[in-house]
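These protein sequence lines map, in sequence, to chains Z and F. One point on numbering: in the UniProt record's numbering, the residue at position 20 of the first sequence is 20, and numbering is uninterrupted. One point on numbering: in the UniProt record's numbering, the residue at position 10 of the second sequence is 10, and numbering is uninterrupted.
There are 2 protein chains.
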Amino acid sequence: MPDPAPRSPKAEQTRTAIAEAAMRLFRSEGYDRTTMRAIAREAGVSVGNAYYYFGSKEHLIQAFYDAIQADHAAAAEAALADERAFADRLRAVLLAWLEVARPHHAFAGQFFRNAADPSSPLSPFSAESAPAREASTAIFEQVVAGSDLKVAAGLRRELPGLLWLLQMGLVLFWVYDASPDQQRSRLLVERAVPVVDRLARLSRLPVVRGVVDDVVGLVGALRET
Amino acid sequence: MPDPAPRSPKAEQTRTAIAEAAMRLFRSEGYDRTTMRAIAREAGVSVGNAYYYFGSKEHLIQAFYDAIQADHAAAAEAALADERAFADRLRAVLLAWLEVARPHHAFAGQFFRNAADPSSPLSPFSAESAPAREASTAIFEQVVAGSDLKVAAGLRRELPGLLWLLQMGLVLFWVYDASPDQQRSRLLVERAVPVVDRLARLSRLPVVRGVVDDVVGLVGALRET
DNA sequence: GTCTATAGTGCGATAGAC
DNA sequence: GTCTATCGCACTATAGAC
Numbered sequence: 001m002p003d004p005a006p007r008s009p010k011a012e013q014t015r016t017a018i019a020e021a022a023m024r025l026f027r028s029e030g031y032d033r034t035t036m037r038a039i040a041r042e043a044g045v046s047v048g049n050a051y052y053y054f055g056s057k058e059h060l061i062q063a064f065y066d067a068i069q070a071d072h073a074a075a076a077e078a079a080l081a082d083e084r085a086f087a088d089r090l091r092a093v094l095l096a097w098l099e100v101a102r103p104h105h106a107f108a109g110q111f112f113r114n115a116a117d118p119s120s121p122l123s124p125f126s127a128e129s130a131p132a133r134e135a136s137t138a139i140f141e142q143v144v145a146g147s148d149l150k151v152a153a154g155l156r157r158e159l160p161g162l163l164w165l166l167q168m169g170l171v172l173f174w175v176y177d178a179s180p181d182q183q184r185s186r187l188l189v190e191r192a193v194p195v196v197d198r199l200a201r202l203s204r205l206p207v208v209r210g211v212v213d214d215v216v217g218l219v220g221a222l223r224e225t
Numbered sequence: 001m002p003d004p005a006p007r008s009p010k011a012e013q014t015r016t017a018i019a020e021a022a023m024r025l026f027r028s029e030g031y032d033r034t035t036m037r038a039i040a041r042e043a044g045v046s047v048g049n050a051y052y053y054f055g056s057k058e059h060l061i062q063a064f065y066d067a068i069q070a071d072h073a074a075a076a077e078a079a080l081a082d083e084r085a086f087a088d089r090l091r092a093v094l095l096a097w098l099e100v101a102r103p104h105h106a107f108a109g110q111f112f113r114n115a116a117d118p119s120s121p122l123s124p125f126s127a128e129s130a131p132a133r134e135a136s137t138a139i140f141e142q143v144v145a146g147s148d149l150k151v152a153a154g155l156r157r158e159l160p161g162l163l164w165l166l167q168m169g170l171v172l173f174w175v176y177d178a179s180p181d182q183q184r185s186r187l188l189v190e191r192a193v194p195v196v197d198r199l200a201r202l203s204r205l206p207v208v209r210g211v212v213d214d215v216v217g218l219v220g221a222l223r224e225t
């Protein structure tokens, strides 16, 4: 979260007023049905001023994004304090995300549409998202580091990144999850975590080593290219 | 590809004129920069008429989508005729998709953004996409059926669906692939296919059976819910 | 640098006449 | 089925106030 531009307190106040107004309206009306005019009105500023602080309606999503990220980091840390076993730690972190994100599920799809655009700064793979991506990966580094898990060295290095990818998969599933209260997403976590746990532990088995090396090599090759 | 509505020849003609005009303009100008007004003009109809046939600009993408699907099915069939080994068959089918999709990479991202919306009929998981999804899964059924691969029975049943999911992952990667001529996507195929091959063959090993059963159970549980 | 007010552009989508 | 006219929106432009 770089904040190199020292903004005046007044500017900061206006900025957050706009962001918070947007959040309120997004939550109550949904993204698409919230107009920039309404956001400006709700924040008590002019439309031009809203555009002065946020380059586009999309940019207002970033604030939301960051809030969820921060909430998840806090929730994950709290949850990790109680768990030692790798599977329990992973489950706790993933379920914490579902919990944090739950209130936003209704309009997450509308956000997601923007995030999916490869040219959008909101894309989880974009350069602008690098800080959020690293913060998230750091959580998974904690999941592994504080656990009893022993895996092959090559895999150990890639594991946090792979778990971040797993979480992206969960997010994708969750966005499409129309079940009441997103039960299916929780079911996915409950059943996928043991699989990951077993796979990770199997990684040291001689027969399995070949595949693991392939996967690690694959990830490495893609990183270099 | 159901076409149960018997449309009048004239209507059919207008409809395809609009769809083809859209394709031409999408290809030359990109999706976002092509306006409905321009499409209507190019097709020689009014804007209102274009909307009479296609509920939204998004709906015009479907034609594109279907064309790629059909091309891939044909290319895959041709490629499969030459290959026996599972890994070779899988590689051939995935590379065929990259080849078919290659000319469209530049604006695929703009399409993708719409496809990512869970409420969009273009979403690969939507009910409207079911025919395309099944057609695509059928290709992977062929990949497995015509090969030398032997896997556990439970996995065998789920394999085509899982391979379809793998291809969705490839599509995702490809959309974000900014390397020249999408080299990285081809690299991904070349290196991921052996992993899948080895994993599938390992599935019959006693130690690995537990994980495989977990995965199969997971997929089954999600399907039921 | 921060902000207002207003007018305007171009777009996706729609209404309603024919 | 097809049209013209129009709506509401994101976003821009401008001119100026503090």
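C-beta: ideal position from N, C-alpha, C; glycine also.
### Query
In angstroms, rounded to a whole number, what distance separates the CA positions of tyrosine 51 of chain F and glutamine 13 of chain F?
15 Å
### Query
If the cut is a Cβ gap below 8 Å, which residues of chain Z does tyrosine 176 of chain F touch?
Pro118, Ser123 and Phe125
### Query
Would you call glycine 109 of chain F buried or exposed, if buried means 16 or more other Cβ atoms sit within 10 Å of its Cβ?
buried
### Query
If we call anything under 8 Å between Cβ atoms a contact, is alanine 63 of chain Z one with alanine 19 of chain Z?
yes
### Message
Spatial neighbours of arginine 33 of chain F within its chain, please: C-beta separation below 7 Å, excluding the five flanking residues on both sides.
### Response
none
### Message
Would you say glycine 154 of chain F lies against chain Z (beta-carbon separation less than 8 Å)?
### Response
So no, glycine 154 of chain F is outside the interface.
### Query
At a Cβ threshold of 8 Å, is arginine 102 of chain F touching chain Z?
no
### Task
Compare the C-alpha of residue 231 of chain Z against each of Z/Ala178, Z/Arg37, Z/His105 and Z/Leu218 and name the closest.
The shown model of chain Z, from 1 to 225, leaves out residue 231 of chain Z, and the question about it has no answer.
### Message
In this structure, how does DSSP classify serine 185 of chain F when only helix, strand and coil are distinguished?
### Response
helix
### Task
On a CA-only basis, which of F/Arg184, F/Ala178, F/Ser46 and F/Ala200 is nearest leucine 163 of chain F? Give me that one, please.
F/Ala200
### Message
Please tell me whether serine 185 of chain Z and aspartate 177 of chain Z are closer than 8 Å, where the distance is taken between their beta carbons.
### Response
yes
### Message
At 4 residues or longer, what runs of the alpha helix (DSSP H) sit wholly inside the stretch 136 to 207 of chain F?
### Response
Counting only runs of 4 or more, we get 153 to 176 and 183 to 202.
### Residues of the stretch 132 to 155 of chain Z with Cβ closer than 9 Å to any Cβ of chain F, in chain order
Contact annotation: in the stretch 132 to 155 of chain Z, no residue has its CB less than 9 Å from a CB in chain F.
### arginine 223 of chain F (DSSP reduced to helix, strand or coil)
helix
### Task
Would you please verify whether the beta carbon of glycine 109 of chain Z is less than 8 Å from any beta carbon of chain F?
yes
### Query
Just how far apart, CA to CA, sit alanine 130 of chain F and arginine 157 of chain F?
19 Å
### Contact set for leucine 172 of chain Z: own chain, Cβ-Cβ below 8 Å, skip 5 residues either direction
Closer than 8 Å at Cβ, skipping near neighbours: no residue.
### Message
Applying the 10 Å Cβ sphere with the 16-neighbour rule, what's the burial state of proline 206 of chain Z?
### Response
exposed
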